[in-house]
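Novice: Take the sequence shown: its letter number 99 is residue 322 in the numbering used here, and every next letter is one higher. Glycine is no exception: its CB is placed at the ideal position from the N, C-alpha and C atoms. All figures in this text were calculated on a predicted structure; none of them were measured in a lab.
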Amino acid sequence: KEAKKEKLTVFLGYTSNMVSSGLREVIAYLVKLKFVDVIVTTAGGIEEDIIKCQTPFVLGSFNADGKELRRKGINRIGNIFVPNNRYIEFEKLMSRFFVRISGELKQKNKLGISQNTISPSELIFELGKEIDKEVKSEQIKENSILYWAAKNNIPVFCPAITDGSFGDMTYFYKKKNPDFKIDITSDIVKINDIAINAEKTGAIILGGSLPKHHIMNANMFRDGTDYTVYISTGTEGDGSMAGARPEEAVSWGKQAMNATSVMVEGDATIIFPLIVAGVFVDEK
224 KEAKKEKLTV FLGYTSNMVS SGLREVIAYL VKLKFVDVIV TTAGGIEEDI
274 IKCQTPFVLG SFNADGKELR RKGINRIGNI FVPNNRYIEF EKLMSRFFVR
324 ISGELKQKNK LGISQNTISP SELIFELGKE IDKEVKSEQI KENSILYWAA
374 KNNIPVFCPA ITDGSFGDMT YFYKKKNPDF KIDITSDIVK INDIAINAEK
424 TGAIILGGSL PKHHIMNANM FRDGTDYTVY ISTGTEGDGS MAGARPEEAV
474 SWGKQAMNAT SVMVEGDATI IFPLIVAGVF VDEK
């Protein structure tokens, strides 16, 4: 609440399981109302937002038999089931999308505007527009992170864009179209410059992994974040990024020495909605 009183650039980082397991709508709410300025996620966080615009996932069980699920064509994320047909529909959309984007890039290349390359954040912005075009239901679009990010011009960074099903589709398209290029170097300049030029920065980190490190590393170029909230079940003893405490970030210059920060140990799918309700909902 104190941070909201200042001119703050807010970075939100989350791993793909946050989209899988129930925080998607909460994150979409924050993006819709422009409570965050920058997003960093993994490839799963991109593709699962799109898939859920097409068909929902299914509640399953942590104890389901893997061999039986495999025989039935069902993939498991914790206690969530994702039948293969979800990915079939996703792949159909991505095939159409890559054809459109590649055609536009080639046209720009002829005009001397581009070199037939696109950055991950530009690609994701276009995916948000694709959701708007492909999905007819306003209610379904209402719950999409990428849809609102494109509407509000909020950059979504995904340094690991070639991971997951998104990466699979990139592989298939690249094999047939070797001139197609995704330029990740443009995005590292973009996110670092956002951090450097911000008056003050805050970071909300759900989980750990690449999104956490990418955000904190960008903020190292400005001597660290001014406000940081970490929510994770990670433990410090295993040396994981998820378990790294604020003091560790200070040692690297990724969090300012005088920063206000908190590490909340717990399930982000329970804790984060409570924080949003207490801090952001009253601003609607």
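Assuming the contact rule is C-beta atoms closer than 8 Å, residue 232 and residue 254 should be a hit. Round their C-beta distance to whole Å, please.
Specialist: Taking the sequence shown and counting its residues from 1, the one referred to as residue 232 is at position 9. Taking the sequence shown and counting its residues from 1, the one referred to as residue 254 is at position 31. So it is not a contact: roughly 15 Å between Cβ atoms.
Novice: Which residue comes first and which comes last in the beta strand (DSSP E) that contains residue 299?
Specialist: As a working note, residue 299 is residue 76 in the sequence shown. Residues 297-300.
Novice: Are the CB atoms of residue 305 and residue 280 within a distance shorter than 8 Å?
Specialist: Position 57 of the sequence shown, counted from the start, is the residue given in the question as residue 280. Position 82 of the sequence shown, counted from the start, is the residue given in the question as residue 305. It is a contact, given that the beta carbons lie within the stated cut-off.
Novice: Any chance you could list the beta strand (DSSP E) runs of at least 3 consecutive residues sitting entirely within the stretch 371-426, in chain order?
Specialist: Complete beta strand (DSSP E) runs here, min 3: none at all.
Novice: Among 316, 296, 423, which one has its Cα closest to the Cα of residue 272?
Specialist: Position 49 of the sequence shown, counted from the start, is the residue given in the question as residue 272. Of the candidates 316, 296, 423, the one whose C-alpha sits nearest the C-alpha of residue 272 is 316.
Novice: If you run the structure through DSSP and keep just helix, strand and coil, what is residue 312?
Specialist: What you label residue 312 is simply residue 89 of the sequence shown in a count that begins at 1. Three-state result, residue 312: helix.
Novice: Taking 6 Å as the limit between beta carbons, can you name the residues of its chain near residue 353, skipping five residues before and five after?
Specialist: Mapped onto the sequence shown, residue 353 falls at position 130. Excluding positions up to five away in sequence, the list reads 320.
Novice: Could you compute how far the alpha carbon of residue 412 sits from the alpha carbon of residue 380?
Specialist: Along the sequence shown, read from residue 1 onward, the residue named residue 412 stands at position 189. Along the sequence shown, read from residue 1 onward, the residue named residue 380 stands at position 157. Distance between the alpha carbons of residue 412 and residue 380: 11 Å.
Novice: List the endpoints of the continuous alpha helix (DSSP H) containing residue 253.
Specialist: In the sequence shown, counting from the first residue as 1, residue 253 sits at position 30. 247-255 is the span of the alpha helix (DSSP H), which, as asked, contains residue 253.
Novice: For residue 504, does the three-state DSSP call read helix, strand or coil?
Specialist: The residue labelled residue 504 in the question sits at position 281 within the sequence shown. Three-state result, residue 504: helix.
Novice: Which partner residues does residue 478 have in the DSSP bridge list?
Specialist: What you label residue 478 is simply residue 255 of the sequence shown in a count that begins at 1. Residue 478 pairs with 448.
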